[in-house]
Structures are given as structure tokens and as C-alpha cells.
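Let me begin by presenting the structure, written as C-alpha cells, before commenting on it.
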Amino acid sequence: MSRTRTPVVAGWFGGDGDDFGLIGTRCARCASVFFPREDTHCRNPGCAGGELREFPLSRHGRVWSYTDSRYRPPSPYVTDAELPWEPYALIAVELESERMVVLGQAVPGVTVADLAVGMEVEVVPGVLGEDAETTWTTWYWRPKEVRA
Amino acid sequence: MTAEVAVLGVGMHPWGKWGRGFVEYGVVAARAALADAGLDWRDVGSIVGADTVRGGYPGYVAGGTFAKALGWQGARVTSVYAACASGAQAIDAARAQILAGLAEVVLVVGADAAPKGFFRPAGGDRPDDPDWLRFRVLGATNPTYFGLYARRRMAVHGDTADDFARVKVKNSAAGALNPYARYRKRVTAEEVAASPVVSDPLRLLDICATSDGGAALVLSSLEFARRHGAADPVRIRAVSTVTPRYPHAVLDLPDIATDSAAAVEPAGRAFRASIAAAAYEEAGIGPEDLSLAEVYDLSTALELQWYEDLALCAEGEGTKLLRDGATALGGRIPVNVSGGLASFGEAVPAQALAQVCEVTWQLRGQAGGRQVTDARVGITANQGLFGHGSAVVAVR
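As you go down the protein sequences, you meet chains Z and B in turn. Okay, so the first sequence: first residue is 1 according to the numbering used here, each after it adds one. Okay, so the second sequence: first residue is 1 according to the numbering used here, each after it adds one.
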């Protein structure tokens, strides 16, 4: 049986291949960028703008910091309790033009030993997990120097 | 400067993993604070509870829960929640009532019964809740954020794992002298280094545990304190409960991203530094006036960050202050002489109150083996999820 591919959060990322990327919003009045997306009100306290338009975030950035999870995170993170826990790395990435930091998991196979602050990374499509009917998709950060 | 209120009494239930309900811990702390103040519960005009999200409905309405457990006596009731900053919010509410003339004596209580292991969000599918999302999408536990901050300090300031371990060694030595601390054994740098990595680069002994505990304060007007015979009480001179300013450019629990600074240039201090600055300004003091500080060492690396945010030293020089021994008992500005979260573990709504209990004992000269000589001014600092600043300045 084929599973449906569904984003783990609707509207946060999209596109195929080289067009894949995170999707934020930008205020039509003050140009403030938001991720996770704001869709109803601009959060700039000096702006009364209400119209927020979809805005694709930069696909490349630099590692602001990184860490990992050596122990199994609790629910609602979904893991198979039958399998041994495989730690994954988390990367906080600084996007130069947006001047913001966005968290994400590293692509599987990349460990903290492969990472350094300042390293270039790019956003790529990923799979967070699968259940009977659904493949839950997400975004990963992938270091440009590592091909994992 | 804001008018002051008196700290007439303080009390705690020892921190630990006792396996009982939060109400019991809160009542023990409240009775201890009332006894310390020399007051009967029926003399209290108002009770403020710092809520817990882990005790079911009674936890969400902690003020009423504690009032009922102590015996209904008709007091005005308030319940507040601001995550780790709940205690400071409770003090702020009590102080406002006293200064507004709504109550002369206010009992402030916070207590928690913590689960084993990681804190986790409330149940159900809640994709509109950032705290739920960071677990669902990233599996980002609290220690992963601590790990990110620690790694960033290593890269930017050159901090090392040995520096982080030194914080634990210092705080465990202080905690060994505190009867209310959960962990009362001195820890060596070797023991920190031998403990398992939880979130790189932090190890188990770099990260605070989750604990059961309770703390309470009896606050009053200065006029009431005088009538009650407390001629020279510890006084709260400032309570800082500020929020960040947009764009909030430092990654904070439980957020998946910072604000963008593309359209609006960040102005003024970053959030944590602004919490301290607001407290200093309200108290009319500066960091040079402090006798001691109690800061929120959720991790060893975060304690170093607080040194800089409290302006005890310049940005990036936290480790130097630590290595010089300035923040140890007997140093220029002792930090976390209670033993800190390293020795207590976190009992969320009680923790900011416990910080004020310690400062009160220190300012009274009642801190026993961990007493800071001639302590006159103390500050507490803390930060609650979702942009809640928390700092208290107390003087004597």
C-alpha cells in the first residue's frame, strides 16, 4: 500500500528538487519576514500592516550553532520504541538576507563531529517518519561540505 | 524608583523527588514562611499562587488551591502563570496589591511535582502551539536549546567543556551546605566529564534536573512591618517582568526561529540583558552594588551567560570571572551560593521564589556555612518561556 506524503506542518515548506525551501510570510507594508509564518497580523510593533504574503526563505545559510539528542525525545516526537535510539543532530542556521536563525534537523548521517559554527548549509527535503498511511515530510539542513 | 515592600517571612519545602503532590509541598513552604514572619494564616489579606501545568486543574488555579489547603479564610486570591518566571510574576502581583493599598500582607506560594525525565508539552494534537511543534517537528527538548547556547559560546567566546564543569563544581560545593537542596554532594570536574552527553556539548551533570519542591514568601507594606515589630526587614526594591523587544534576535525556548532583523534594526539590549537592566534601573543600583546574585543555571553554560547579562563582566568574559573565583563563595560577587539549579533541579513555579528565599537568608545573615559576608544587596534573574523576564532586587 502506498503512503500519502504529507508535510508535518502545512504551509511551512514546499517545492521539488532545487526549488524546495522553507516558506515564510512577509508584511506588505514594512517588509518584516516571519517564519514560522504569520498570516493575520504583522508582529512589528511599529507597523499596522495586515497583509502578509508568502515569502520563500533563503535556501542557504551558515551554522549559528548545533547540538544533538543523545536520548529519545518524548511524545509528540514520534519514534519506534522497539528500535534502539539513533541520535540526530539539530542545527540552528543563520540566514543572511533575512537576518534570522532557523532550527532544523540535520540530514540523517550527519553528526555533531561533522559540523562547525559558520559552516555553509542548505535546506533539503526530508522524511520525519512514516506510519501506516502517511509519510510525514519535513526539512533538513545539509552541510555543503558533507554528502551524507 | 518604586516604593519598597517588606519580606516578612520565607519558607521552603526541600527539593527532591518525593513522589507526592504539589499542594503538600506548597503548604509546607507556606506554613514555614508564616512561622518565619510570626503571623497566623488568618492575618493574611491576599494569597498569590504561582501555577503549575503539571498538577491538573488545581495547578492552573494554584492560589485557590493553596488557600483551600491552608483553610478558607476569605483572603483575596490571585493565580499567575509565566513558566519559569511564574514566581516573579507572583511577587509582582503581590507587590502591586500592597503598594496599591489593596492588601497589607500577602502570602506568595509556588510548588511543583515534576515528572521523570524531559519536560514535555501537554497532550493532544496542538499544531498552533509552538511548544508542541518544537517536540513534534524537531524533537527539540529543553537540553537541545541549552546545547545550542553552549556550543555557540564555545565558538564565539572560546569557552570549554572544562569551564562548564567548573560551574557545576562551584555550585555543588555551595549546594552541599544547603539543607533545602536536592543534591548535597560535592561534584568533581572528573565526575562531570565522566557523565554521559545529553545534548552535545553538554553532559548530564551540566544540565539541571527536574525536581519537586515548594517555596513561599510573606510580603507586607513597610508600615505593617514596623507595626509588626520588624524594624529592619529585607525589602524588595525592584521586580523586573519585562518582555523582549522586536526583533527578538536570540533563539529562545520554545521557538523554532528568531524574529527577522531584516526590516527593523535591533535596538538596545538583547532580551536577557534587558531583564537585568530594568531591575537595576528600578532599584536605582548597578551591578557594582551587588553582594550576591542568584541566576537560572538551567545549564552550566547558561550561568556564564547570566554573568554577562547581569553586567557582572563584559560580554564574553564570563569564563574569566569564573576562573578567577569571583563568583564562588568568598569571591567578589558570589553567584548561586544556594547551590543553584545545579543543586536543586527545577521546580518551575517555585524556583524564582526559592531564589528570593536564598537572597533573604543571605541579607539577614542566616545562611550558615554559605553566608556571604556583610550581604546588603542581592539580585535574582530568570527567564520564562514565551518572553517572560524575571528579576528581583532585594536590599537590607
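The beta-carbon is built from N, C-alpha and C at its ideal position, and this holds for glycine as well.
Distances from the CA of residue 71/B to each of 194/B, 27/B, 15/B and 150/B were compared; the closest alpha carbon is that of 27/B. Closer than 9 Å at the C-beta level to chain Z, one finds these residues of the region 129-141 of chain B: 130, 132, 133, 134, 135, 136, 137, 138, 139, 140 and 141.
The Cβ-Cβ distance between residue 393/B and residue 272/B does not fall below 9 Å. Looking at 182/B, 136/B, 148/B and 176/B, the one whose alpha-carbon comes closest to that of residue 337/B is 176/B. Within the region 191-217 of chain B, the residues whose Cβ lies closer than 9 Å to any Cβ of chain Z are, in chain order, 196, 197, 198, 199, 200, 201 and 202. Put simply, the CB of residue 120/B is near chain Z, with a gap under 9 Å to one of its CB atoms. DSSP places residue 298/B in the coil class of the three-state scheme, outside both helix and strand.
The Cβ of residue 156/B sits closer than 9 Å to at least one Cβ of chain Z. Along the length of the region 149-198 of chain B, whole beta strand (DSSP E) runs at least 3 residues long do not occur.
Using a Cβ distance threshold of 9 Å, residue 121/Z and residue 61/Z count as a contacting pair. In this chain, the alpha helix (DSSP H) harbouring residue 131/B covers 130-133. No Cβ of chain B is located within less than 9 Å of the beta carbon of residue 142/Z. Cβ neighbours of residue 315/B within its own chain (closer than 7 Å, five residues either side excluded): 308. Per DSSP, residue 125/Z lies in no alpha helix (DSSP H) segment; the continuous beta strand (DSSP E) that holds it begins and ends at 120-130. Within the region 110-134 of chain Z, the residues whose Cβ lies closer than 8 Å to some Cβ of chain B are 112, 116, 117, 118 and 128, listed in chain order.
The Cβ atoms of residue 132/Z and residue 3/Z lie closer than 9 Å to each other. According to DSSP, residue 34/Z shares a beta bridge with 25/Z. DSSP lists 121/Z as the beta-bridge partner residues of residue 143/Z.
Rounded to whole angstroms, residue 48/Z and residue 20/Z show a C-alpha spacing of 31 Å. Bounds of the alpha helix (DSSP H) holding residue 27/B are 22-37. Taking a Cβ-Cβ threshold of 7 Å, the residues of chain Z close to residue 144/B are 67, 69 and 90, in chain order. Taking a beta-carbon distance threshold of 9 Å, residue 48/Z does not count as an interface residue toward chain B. Listed in chain order, the positions of the region 25-53 of chain Z with a beta carbon within less than 8 Å of a beta carbon of chain B are 27, 30, 31, 32, 33, 34, 35, 36, 43, 44, 45 and 46. In the displayed model, residue 79/B falls within a strand according to three-state DSSP. Cβ-Cβ distances below 7 Å link residue 119/B to 142 and 210 in the same chain, with the five nearest sequence neighbours on each side left out; the list follows chain order. A distance below 7 Å between beta-carbons, with the five flanking residues on each side excluded, links residue 192/B to the following residues of its chain, in chain order: 165, 168, 203, 205 and 206. By the Cβ-count criterion, residue 240/B is buried, with 16 or more other Cβ atoms from all chains shown falling within 10 Å of its own Cβ.
Three or more Cβ pairs closer than 8 Å define a contact, and the region 58-73 of chain Z falls short of that threshold against the region 288-296 of chain B.
Contact of residue 101/Z with chain B is assigned, a C-beta pair being separated by under 9 Å.
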